[in-house]
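**Student:** One structure, as structure tokens, below. Some questions next.
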Amino acid sequence: MNREAHPGPRTACPLDPRVVLLLAVLAAVHLGIWRNAVFLSGLAGAMFLGAFAAGALQGREMKMLRGALFLGVPLALVPLLWTPGRMWIEVPGGAQITYEGLAQAGEAILRVAGFAFMAAWLSAVLPAQALGRAVAWWLGPLERIGLPVERFALVLSLTVEEVPAAAERVMEIRGKIGASPARRLDAAIGHLAGLFRGPLAQTAGPPAAPPGLPPLPKTTSLDLIAATSVAAIFAAVDGLGRPFLHP
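For the sequence shown, the working numbering gives the first residue as 31, with consecutive numbering after it.
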């Protein structure tokens, strides 16, 4: 991998993009492996505070966040209605809601909320290109076995950069369809054409030079302190709370 001689500028977050990505990965891993509603609530709450402090809970980001949280409802219904255990209530159709099902459904909701808040925080503090460069740095050793890490990171950054615009366009399509049923087909076609107008315009004419990923900033003592502190906190919680987190 080509390493830049000069460090790049800092992003909106004071931490190094590599550290930000590391913290997000640590949070995602623990959201997936913890099995206790109290600890999951604390982690999801921390992700919420991070997203709130980063200004990611307003406007377009808030709409996308609500959509992600809505996906947690069907994920919670499965354990809620089909988990055996001590019966709490019986719902129409013969299904029984158990205390164990309630606990697992709550954990599923907390996981989805935690992942949604984490993604909102990450997108707010880390631009797509900085994210791509951080991914390329962490996966750099894989280049020794021939994997195109730099290309993968570049494609990832470009994809992440286009997702908000595409999501906003889809929301506009839904709004037009609901607002004027008589013109729903024309509105949908017009907005769908807008989705492809930009990429088609970019591909017309002579090919442009492939964009590159920006250089990473220089690591500071604050980056090392943040990474070490968060890793130590997770290690301490894993060790002290093992009977509750991994029953």
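Virtual Cβ for every residue (Gly too), placed ideally from N, Cα, C.
Source: prediction; values computed, not measured.
#1: Please confirm whether residue 106 and residue 149 have their CB atoms less than 7 Å apart.
#2: Which residues in the same chain as residue 161 place their Cβ atom closer than 8 Å to its Cβ, once the five residues preceding and following it in sequence are excluded?
#3: Below 7 Å between beta carbons: does that hold for residue 133 and residue 111?
#4: How long is the line joining the alpha carbons of residue 127 and residue 100, rounded to whole angstroms?
#5: Going by alpha carbons, who is nearest to residue 57 out of 177, 121 and 261?
#6: May I have the straight-line CA-CA distance separating residue 144 from residue 273, to the nearest angstrom?
#7: Count the other CB atoms, across all protein chains shown, that sit within 10 Å of the CB of residue 255; report buried if there are 16 or more and exposed otherwise.
#8: By the three-class DSSP mapping on this structure, what secondary structure does residue 126 have?
#9: When you compare only the Cα positions, how much space is there between residue 108 and residue 118?
#10: What did DSSP end up calling residue 118 once you bin it into helix, strand or coil?
#11: What does a CB cutoff of less than 7 Å around residue 251 pick up in its chain, not counting 5 residues either side in sequence?
#12: Based on Cα-Cα distance, which residue from 84, 158 and 263 lies nearest to residue 245?
#13: What do you reckon, are the CB atoms on residue 253 and residue 53 nearer than 7 Å?
#14: Just how far apart, CA to CA, sit residue 139 and residue 171?
#15: Decide if residue 247 is buried, meaning its Cβ has at least 16 other Cβ atoms within 10 Å, or exposed.
#16: So, does the CB of residue 268 fall closer than 7 Å to a CB anywhere in chain C?
#17: Leaving aside the five residues before and after residue 33 along the sequence, list all residues of the same chain whose C-beta is less than 7 Å from its C-beta, in chain order.
#18: So, with DSSP's three-state summary, where would you put residue 65?
#19: So, is residue 92 buried or exposed, given that buried needs 16 or more other C-beta atoms within 10 angstroms?
#20: Which term fits residue 120, buried or exposed, when burial requires 16 or more other beta carbons within 10 angstroms of its beta carbon?
#21: Just to confirm, is the Cβ distance from residue 86 to residue 164 under 7 Å?
#22: Taking 7 Å as the threshold (C-beta atoms), are residue 49 and residue 266 in contact?
#23: With C-beta atoms as the reference, is residue 129 less than 7 Å away from residue 116?
#24: Measure the C-alpha to C-alpha separation of residue 122 and residue 103 and round it to an integer number of angstroms.
**Tutor:** On the basis of the supplied data:
#1: What you label residue 106 is simply residue 76 of the sequence shown in a count that begins at 1. What you label residue 149 is simply residue 119 of the sequence shown in a count that begins at 1. Contact flag unset, no.
#2: For the purposes of this step, residue 161 is taken as residue 131 along the sequence shown, with counting starting at 1. Excluding positions up to five away in sequence, the list reads 47, 51, 152, 186, 187 and 190.
#3: On the sequence shown, residue 133 is found 103 positions in, with the first residue counted as 1. On the sequence shown, residue 111 is found 81 positions in, with the first residue counted as 1. No.
#4: Translated into positions along the sequence shown, residue 127 becomes position 97. Translated into positions along the sequence shown, residue 100 becomes position 70. Cα to Cα, the separation comes out at about 21 Å.
#5: Residue numbering aside, residue 57 sits at position 27 when the sequence shown is read from its first letter. Of the candidates 177, 121 and 261, the one whose C-alpha sits nearest the C-alpha of residue 57 is 261.
#6: Within the sequence shown, the letter at position 114 stands for residue 144. Within the sequence shown, the letter at position 243 stands for residue 273. Cα atoms of residue 144 and residue 273: separation of roughly 22 Å, rounded to the nearest angstrom.
#7: Looking up residue 255 in the sequence shown gives position 225. Exposed, by the Cβ-count rule.
#8: Working through the sequence shown from its first residue, we reach residue 126 at position 96. Strand.
#9: The residue you call residue 108 lines up with position 78 of the sequence shown. The residue you call residue 118 lines up with position 88 of the sequence shown. So the two alpha carbons sit approximately 16 Å from each other.
#10: Stepping through the sequence shown from its first residue, residue 118 is reached at position 88. Looking at residue 118 - three-state DSSP - the assignment turns out to be strand.
#11: Taking the first residue of the sequence shown as 1, we reach residue 251 at position 221. Excluding positions up to five away in sequence, the list is empty.
#12: In the sequence shown, counting from the first residue as 1, residue 245 sits at position 215. The shortest C-alpha separation from residue 245 is found at 158.
#13: Within the sequence shown, residue 253 is the residue found at index 223, counting from 1. Within the sequence shown, residue 53 is the residue found at index 23, counting from 1. Contact: no.
#14: One-based indexing of the sequence shown puts residue 139 at position 109. One-based indexing of the sequence shown puts residue 171 at position 141. Their backbone Cα atoms lie some 36 Å apart in a straight line.
#15: As a position in the sequence shown, residue 247 is number 217, starting the count at 1. When all chains shown are included, residue 247 counts as buried.
#16: Structure shown: chain C not included; a single protein chain is present.
#17: Taking the sequence shown and counting its residues from 1, one reaches residue 33 at position 3. Because the pLDDT at residue 33 is just 43, under 50, the model does not fix this residue reliably, and the value given afterwards should be weighed accordingly. None.
#18: Start at 1 with the first residue of the sequence shown, and residue 65 comes out as number 35. Three-state DSSP puts residue 65 in coil, outside helix and strand.
#19: Against the sequence shown, residue 92 aligns to sequence position 62. Counting Cβ neighbours within 10 Å, residue 92 comes out exposed, since fewer than 16 surround it.
#20: Here the question's residue 120 lines up with position 90 in the sequence shown. Counting Cβ neighbours within 10 Å, residue 120 comes out exposed, since fewer than 16 surround it.
#21: Counting from one through the sequence shown, the residue named residue 86 turns up at place 56. Counting from one through the sequence shown, the residue named residue 164 turns up at place 134. Cβ atoms of residue 86 and residue 164: not closer than 7 Å.
#22: In the sequence shown, counting from the first residue as 1, residue 266 sits at position 236. In the sequence shown, counting from the first residue as 1, residue 49 sits at position 19. Here residue 266 is not near residue 49, since their CB atoms are 7 Å or more apart.
#23: Here residue 129 refers to the residue found at position 99 of the sequence shown. Here residue 116 refers to the residue found at position 86 of the sequence shown. Yes.
#24: Here the question's residue 122 lines up with position 92 in the sequence shown. Here the question's residue 103 lines up with position 73 in the sequence shown. Taken atom to atom, the span from the alpha-carbon of residue 122 to that of residue 103 is near 19 Å.
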